[in-house]
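Number of protein chains: 2
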Amino acid sequence: MTNIYSIGIDIGGTNTDIGLVSADGYCVARRNLPTATYYDASVYVADICAAIKEMMAEELVKTIDGIGIAAPAGNYYTGCIENATNLNFKGIIDLPKLFAEHLDVPVTVSNDANAAAYGELVYGGAKGMKHFITFTLGTGVGSGIVIDGKLVHGKTGNAGELGHAILIPSGRPCGCGRKGCLETYTSATGIRRTALELLEQHPEYDGVLSKVPQEELTSKHVGDAAQAGDPLALEVFELTGNWLGIALANAVAFSSPEAIFLMGGPVKAGEVLMRPVRESFKKHLCFVYDNSVEILVSKLPGNEAAILGAAALTKAQ
Amino acid sequence: MTNIYSIGIDIGGTNTDIGLVSADGYCVARRNLPTATYYDASVYVADICAAIKEMMAEELVKTIDGIGIAAPAGNYYTGCIENATNLNFKGIIDLPKLFAEHLDVPVTVSNDANAAAYGELVYGGAKGMKHFITFTLGTGVGSGIVIDGKLVHGKTGNAGELGHAILIPSGRPCGCGRKGCLETYTSATGIRRTALELLEQHPEYDGVLSKVPQEELTSKHVGDAAQAGDPLALEVFELTGNWLGIALANAVAFSSPEAIFLMGGPVKAGEVLMRPVRESFKKHLCFVYDNSVEILVSKLPGNEAAILGAAALTKAQ
Numbered sequence: 008m009t010n011i012y013s014i015g016i017d018i019g020g021t022n023t024d025i026g027l028v029s030a031d032g033y034c035v036a037r038r039n040l041p042t043a044t045y046y047d048a049s050v051y052v053a054d055i056c057a058a059i060k061e062m063m064a065e066e067l068v069k070t071i072d073g074i075g076i077a078a079p080a081g082n083y084y085t086g087c088i089e090n091a092t093n094l095n096f097k098g099i100i101d102l103p104k105l106f107a108e109h110l111d112v113p114v115t116v117s118n119d120a121n122a123a124a125y126g127e128l129v130y131g132g133a134k135g136m137k138h139f140i141t142f143t144l145g146t147g148v149g150s151g152i153v154i155d156g157k158l159v160h161g162k163t164g165n166a167g168e169l170g171h172a173i174l175i176p177s178g179r180p181c182g183c184g185r186k187g188c189l190e191t192y193t194s195a196t197g198i199r200r201t202a203l204e205l206l207e208q209h210p211e212y213d214g215v216l217s218k219v220p221q222e223e224l225t226s227k228h229v230g231d232a233a234q235a236g237d238p239l240a241l242e243v244f245e246l247t248g249n250w251l252g253i254a255l256a257n258a259v260a261f262s263s264p265e266a267i268f269l270m271g272g273p274v275k276a277g278e279v280l281m282r283p284v285r286e287s288f289k290k291h292l293c294f295v296y297d298n299s300v301e302i303l304v305s306k307l308p309g310n311e312a313a314i315l316g317a318a319a320l321t322k323a324q
Numbered sequence: 008m009t010n011i012y013s014i015g016i017d018i019g020g021t022n023t024d025i026g027l028v029s030a031d032g033y034c035v036a037r038r039n040l041p042t043a044t045y046y047d048a049s050v051y052v053a054d055i056c057a058a059i060k061e062m063m064a065e066e067l068v069k070t071i072d073g074i075g076i077a078a079p080a081g082n083y084y085t086g087c088i089e090n091a092t093n094l095n096f097k098g099i100i101d102l103p104k105l106f107a108e109h110l111d112v113p114v115t116v117s118n119d120a121n122a123a124a125y126g127e128l129v130y131g132g133a134k135g136m137k138h139f140i141t142f143t144l145g146t147g148v149g150s151g152i153v154i155d156g157k158l159v160h161g162k163t164g165n166a167g168e169l170g171h172a173i174l175i176p177s178g179r180p181c182g183c184g185r186k187g188c189l190e191t192y193t194s195a196t197g198i199r200r201t202a203l204e205l206l207e208q209h210p211e212y213d214g215v216l217s218k219v220p221q222e223e224l225t226s227k228h229v230g231d232a233a234q235a236g237d238p239l240a241l242e243v244f245e246l247t248g249n250w251l252g253i254a255l256a257n258a259v260a261f262s263s264p265e266a267i268f269l270m271g272g273p274v275k276a277g278e279v280l281m282r283p284v285r286e287s288f289k290k291h292l293c294f295v296y297d298n299s300v301e302i303l304v305s306k307l308p309g310n311e312a313a314i315l316g317a318a319a320l321t322k323a324q
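Structure, rendered in structure tokens:
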């Protein structure tokens, strides 16, 4: 039996990660391109395709079944990157067309949060599940929703933007121009914001977080401090967990999933985040869903999750 | 061509409405049974089936393609009524089994909110749509979610309980035991609650609503007063519309529908409700969905909406 390989490409504003992925979910080769140095999308795609051919030659892989691309503002329906705000490529970039000049395989495009959900379905903890949701806590909060084994794209292709569901009406200002979006509270950036608020409210606090210059403080500092038992950091995660638990309970009222998977930097803090999340989730879940949903940490390896998610898009239905 | 008829049954705590519905969505005959007088489900179903046979004989209809039943706690997957709190029938009532003793046609069961969504899809304003959501404002707030032309049932069969998504964390106490659920703000009961709050805050107000004994005040009083230009009633609908607009915007971030349909008593107040709903929706909608969603009033006739919704379940995929 010939093993079937796929290509996963994770396009970020700074870097582009390209991986050759085996059917059982191993990334057998990787390449990296500096996205921000490219201004011409056709040159950029030509270089990506050269890297793909290089990896295939090295690994003696003759054929691939497809290319999956996770891109900012990537539209599943059109395959285009549409007016991405953090890329040098402006307007509409037709990825399938650009790739077709170099490689004759299907190209599937989506945003990184949707790719993460497919990664979990194809290679991770959601194998065999029909209904689940993933939340990626990063600079923002991304989400991907799977119902009946299929990712929800909706009319626009932009379904599943739960980071921009309003958690607290008239709450924290969000980069999207509105107020109270989930991601202002539970993203890595939101965690930093909560920590700064608590530091201001507690001038008497002289723990480890007070030693970090405020402009350098990140959610990683807070996570490390919480794991070491720092009371202010623990309080940040109590608040974050409470907010996230409400959002997860609300998501369940929508699609009644079997599981919700959490991923991203702040999730690495482990139980200091997951315990308050689960407590809040249980408290805020409508009783008709009692004991029907598990809150889980993503089973994808952190350093390959984005590539695996992108590669999993080649299996999208 | 023989016209195909379906049966729609709307089971309420007090009354059961049974209708013979033509393929083009006309309820050609109706019967009514007093649900609350029955204690034995098999006697109840026998009487329903007798009424169905009577209507078919009267209308010279020889065959029906199915029976759709909208029931409190009706589970789509099992066809059972499961521990309904406002029916005399306790435990698990296996409707398909009970009906099979009298009529040899498929029986499809769901709750009334899901039936309403199917009614809109098959007979109403959502004909031909792939992605939409319905909100029914009644004693509570029910919702039905259609994605890719199919109703979302989820793992439990209870997906789409958006009336119990938390709108305001730590907000108004809800009958479900939690706080801040959407339905505590935007159901008919929620509108009454808002009116009572405003009446208490404004002892100087001596408009029409101050003349209604508080225990008798309903959302209909508020709607009539708002339509007549009463300032307190209009303020109630401003608040209600603002809350509902946030909830609708949040629902869009989930499934990116083409349209959201509103139905139920308070919607009959018309523009005094719909204008603030649309304004709030526009204000709170994430920009990626701009101009992609319409907020519409249900196109089903109010007095037959429940029967048509139930009948539409026979077309469920």
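In order, the protein sequence lines correspond to chains B and V.
Just so we're aligned, residue 8 is where the first sequence starts under our numbering, counting upward by one.
Just so we're aligned, residue 8 is where the second sequence starts under our numbering, counting upward by one.
The beta-carbon is built from N, C-alpha and C at its ideal position, and this holds for glycine as well.
Checking contacts by CB at 8 Å: is residue i closer than that to chain V?
| i | result |
| --- | --- |
| leucine 116 of chain B | The amino acid occupying residue 116 of chain B in the given sequence is valine; leucine does not appear at that position. Cβ-Cβ to chain V under 8 Å: no for valine 116 of chain B. |
| isoleucine 18 of chain B | no |
| alanine 235 of chain B | no |
| isoleucine 253 of chain B | yes |
| asparagine 93 of chain B | no |
| isoleucine 99 of chain B | no |
| arginine 37 of chain B | no |
Would you mind reading off the limits of the alpha helix (DSSP H) that contains residue i?
| i | result |
| --- | --- |
| asparagine 249 of chain V | 238-262 |
| serine 49 of chain V | 48-65 |
| glycine 98 of chain B | From DSSP, glycine 98 of chain B is part of no alpha helix (DSSP H); its letter is neither H nor E. |
| isoleucine 314 of chain B | 312-319 |
| glutamate 190 of chain B | 190-193 |
| leucine 169 of chain B | Element bounds for leucine 169 of chain B: n/a, residue is neither H nor E. |
| valine 329 of chain B | Summary: the structure shown does not reach residue 329 of chain B, with chain B confined to residues 8 through 324, and so no result is reported for it. |
| leucine 105 of chain B | 102-107 |
| valine 229 of chain V | 226-234 |
Strictly under 8 Å for the Cβ-Cβ distance: is residue i near chain C by that measure?
| i | result |
| --- | --- |
| proline 176 of chain V | Of the chains in the structure shown, none is chain C; the protein chains are B and V. |
Evaluate residue i with the Cβ neighbour count: other Cβ atoms within 10 Å of its Cβ, from every protein chain shown; 16 or more gives buried, anything less gives exposed.
| i | result |
| --- | --- |
| methionine 8 of chain B | Confidence is the limiting factor: at methionine 8 of chain B the pLDDT is only 39, short of 50, which leaves the residue's position unreliable, though a coordinate-based value still follows. The residue in question, methionine 8 of chain B, is exposed, as its Cβ has fewer than 16 Cβ neighbours within 10 Å. |
| aspartate 297 of chain B | exposed |
| alanine 64 of chain B | exposed |
| leucine 255 of chain V | buried |
| proline 41 of chain B | exposed |
| arginine 282 of chain B | exposed |
| alanine 235 of chain V | exposed |
| proline 4 of chain V | This structure leaves residue 4 of chain V out entirely; chain V is present only between 8 and 324. |
Please classify residue i: does DSSP put it in a helix, a strand, or coil?
| i | result |
| --- | --- |
| lysine 295 of chain B | In the sequence as presented, lysine is not what sits at residue 295 of chain B; that position holds valine. Note: valine 295 of chain B maps to helix in three-state DSSP. |
| methionine 136 of chain V | coil |
| arginine 199 of chain B | helix |
| tyrosine 84 of chain V | coil |
| threonine 143 of chain V | strand |
| arginine 285 of chain B | helix |
Please list the terminal residues of the continuous beta strand (DSSP E) segment that includes residue i.
| i | result |
| --- | --- |
| leucine 27 of chain V | 23-29 |
| glutamate 301 of chain V | 301-304 |
| alanine 77 of chain V | 71-77 |
| tyrosine 12 of chain V | 12-18 |
| valine 151 of chain V | Residue identity differs from the one stated: residue 151 of chain V is glycine in this sequence, not valine. It spans 148-154 - the beta strand (DSSP E) in which glycine 151 of chain V sits, taken as one unbroken run. |
Listing by chain order, which chain B residues have their CB less than 7 Å from the CB of residue i?
| i | result |
| --- | --- |
| glutamate 168 of chain V | Ala260, Cys293, Val295 |
Step through the CB atoms of chain B and report whether any lies within less than 8 Å of the CB of residue i.
| i | result |
| --- | --- |
| glutamate 265 of chain V | yes |
| isoleucine 71 of chain V | no |
| alanine 123 of chain V | no |
| methionine 8 of chain V | Summary for methionine 8 of chain V: the model assigns pLDDT 38, below 50, so the residue's position carries little reliability, and this model does not support an answer. |
| alanine 319 of chain V | no |
| alanine 172 of chain V | yes |
| valine 219 of chain V | no |
| alanine 256 of chain V | yes |
List the residues of chain V that residue i touches, going by C-beta distances under 8 Å, in chain order.
| i | result |
| --- | --- |
| lysine 162 of chain B | Lys137, His138, Ser263, Pro264, Glu265, Ser299, Val300 |
For a contact meaning CB atoms closer than 7 Å, what does residue i contact in chain V?
| i | result |
| --- | --- |
| asparagine 82 of chain B | None at all; the shortest Cβ gap to chain V is about 10 Å. |
| valine 159 of chain B | Ile154, Ser262 |
At a CB-CB cut-off below 9 Å, which residues of chain B make contact with residue i?
| i | result |
| --- | --- |
| histidine 228 of chain V | Result: empty, since nearest Cβ-Cβ is about 27 Å, beyond 9 Å. |
In chain V, what lies closer than 9 Å to residue i by C-beta?
| i | result |
| --- | --- |
| glycine 132 of chain B | Ordered by position in chain V, no residue passes the 9 Å Cβ test against glycine 132 of chain B, which lies about 16 Å from the chain. |
Would you mind telling me which residues of chain B sit closer than 8 Å to residue i, beta carbon to beta carbon, in chain order?
| i | result |
| --- | --- |
| valine 148 of chain V | Within chain B, no residue comes near valine 148 of chain V; the closest Cβ sits about 11 Å away, beyond 8 Å. |
| cysteine 183 of chain V | Cys293, Phe294 |
| isoleucine 152 of chain V | Phe261, Ser262 |
| asparagine 1 of chain V | As shown, chain V starts at 8 and ends at 324. That puts residue 1 of chain V outside it, with no answer to give. |
Tell me whether residue i, by its Cβ, gets closer than 7 Å to a heavy atom of the ligand ATP.
| i | result |
| --- | --- |
| proline 283 of chain V | This structure simply doesn't include the ligand ATP, nor any ligand for that matter. |
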